[in-house]
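Note sheet for the following structure.
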Amino acid sequence: MSNLLMSRRNVVLGAGGTLLLPCAVPAAPRAASLPLVVLGDWGERGSPIQRAVADAMGRSAAAIGSRLVISVGDNFYEDGVTSIADSQWHSSFEAIYTAPSLQTRWDVILGNHDYRGSVQAQLDYARLSKRWTMPGRVFIRSEMLTDGTQIDFFYIDTSPMLSMYRGTKVRIDDQNVPAQLAWLDAVLGRSQAKWKIVVGHHPIHTSAGGKRDQAELIQHVKPLLLRHGVQLYINGHDHNLQKISRDGICFLTCGGGGAALGKVKEAAPGQFAAKSHGFMTMEISAGRIAYRFIDEAGTALYADQVTA
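Here the sequence shown is numbered in our numbering, starting from 708 and rising by one per residue.
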């Protein structure tokens, strides 16, 4: 069993004693591989493009036998939900992702637009939903394949790490960033998983580079990924689809779930960038992580893999 799951529950207290950092979520039953779908920046109240992406995602999830959806944040636009009774739960989520293949567990993190509403409502919605999973602002999910391959997902909360949100409608000022970084360093260090995957809302590197790269994440998060052998960082926020390999880490941006598309620069050789709505499918096995970017029509735009 994972050391993460065997250790006692790790909790870090934020300002005022607020519970900030729960530890591991129990592992799912074993299988030979883990097929899943990744979606980001999607909560558009059932807009035509959001529905098109959802329909294509349902077909692709069925084709691969997906067992998990990962949502990389900005779950609701322009502002997050106000309560567990907010109409956006129906108009942006329940009435949109109706395909049988999407009635799996959803591991969900927060984006900056979610912080413009009630974060607590998103945490609490798990009590009403069989698929919405957000046990904390950050959490760990550990999976074990039948051959003993361990996969650890580390879900983090990047909005509080960015100074541009201080004093804005993105209400992150009370979050304890040093505590979160210390937690991430500790749990990555304890993980004995073959695959370590960190999931955050904001990109670390982008095809545009420069100001589109997040300097504060490069300074504070990337060194932890390098130190602990993380192979994959998955994010949204940029409303497009991107793959960048740098310093031994694969950075995947999947922010095409339905929000208005953002600018993207042409990718360097061996990289990928597309100004496109869409999502990503992924299958994790002992020897590789195979992934594919797919647009709202169901067309595969790019496929690659990370090997052990």
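The beta-carbon is built from N, C-alpha and C at its ideal position, and this holds for glycine as well.
query, result
"Any non-hydrogen atom of the ligand FMN within 7 Å of Asn947 CB", "Ligands displayed in this structure: none; no statement on the ligand FMN is therefore possible."
"Asp793 vs Gly943 beta-carbon contact at 8 Å", "no"
"At least 3 beta-carbon pairs within less than 8 Å: the stretch 931-949 vs the stretch 891-908", "yes"
"Cβ neighbour criterion (16 or more within 10 Å) applied to Leu948", "buried"
"Ser983 versus Pro867, Tyr804, Thr1006, Gly818, residue with shortest Cα-Cα distance", "Thr1006"
"Within 8 Å, strictly: CB atoms of Ile911 and Tyr940", "yes"
"Cα-Cα separation between Ser754 and Gly965, rounded to whole angstroms", "8 Å"
"Same chain, Cβ closer than 7 Å to Thr853, five either side skipped, listed in chain order", "Arg737, Ala738, Ala739"
"Nearest-angstrom Cα separation, counted from Gly936 out to Asp864", "20 Å"
"Own chain, CB closer than 7 Å to Asp892, minus 5 neighbours either side, in chain order", "Leu931"
"Short Cβ contact (8 Å threshold) for Gln921 with His908", "no"
"Alpha helix (DSSP H) segment containing Leu830, residue limits", "826-831"
"Alpha carbon of Ile879 to alpha carbon of Asp762, nearest angstrom", "33 Å"
"Uninterrupted beta strand (DSSP E) stretches inside the stretch 940-990 (no shorter than 3 residues)", "948-953, 956-961, 979-981"
"Alpha-carbon to alpha-carbon, Ala993 and Gly812", "Reading the sequence as shown, one finds Arg at residue 812 and not Gly. One C-alpha to the other measures close to 22 Å."
"Spatially closest choice to Asp1002 from Gly896, Gln757, Leu741, by CA coordinates", "Gln757"
"Per-residue burial, Gly723 [other beta carbons within 10 Å of its own, 16 or more giving buried]", "Any reading at Gly723 needs caution, since the residue's pLDDT is 36, under 50, leaving its predicted position unreliable; the model's value is listed next. Burial call: exposed."
"Alpha carbon of Gly765 to alpha carbon of Leu775, nearest angstrom", "12 Å"
"Counted within 10 angstroms of its Cβ, other Cβ atoms place Glu751 as buried (16 or more) or exposed", "buried"
"Rounded distance between the beta-carbons of Val744 and Thr988, thought under 8 Å", "6 Å"
"Length at least 3, wholly inside the stretch 777-826: the beta strand (DSSP E) runs in chain order", "812-815"
"Beta-bridge pairing of Ser849 - partner residues as DSSP gives them", "Asp859"
"Cβ neighbours of Glu785 in the same chain (closer than 8 Å, five flanking residues each side left out)", "His820, Arg823"
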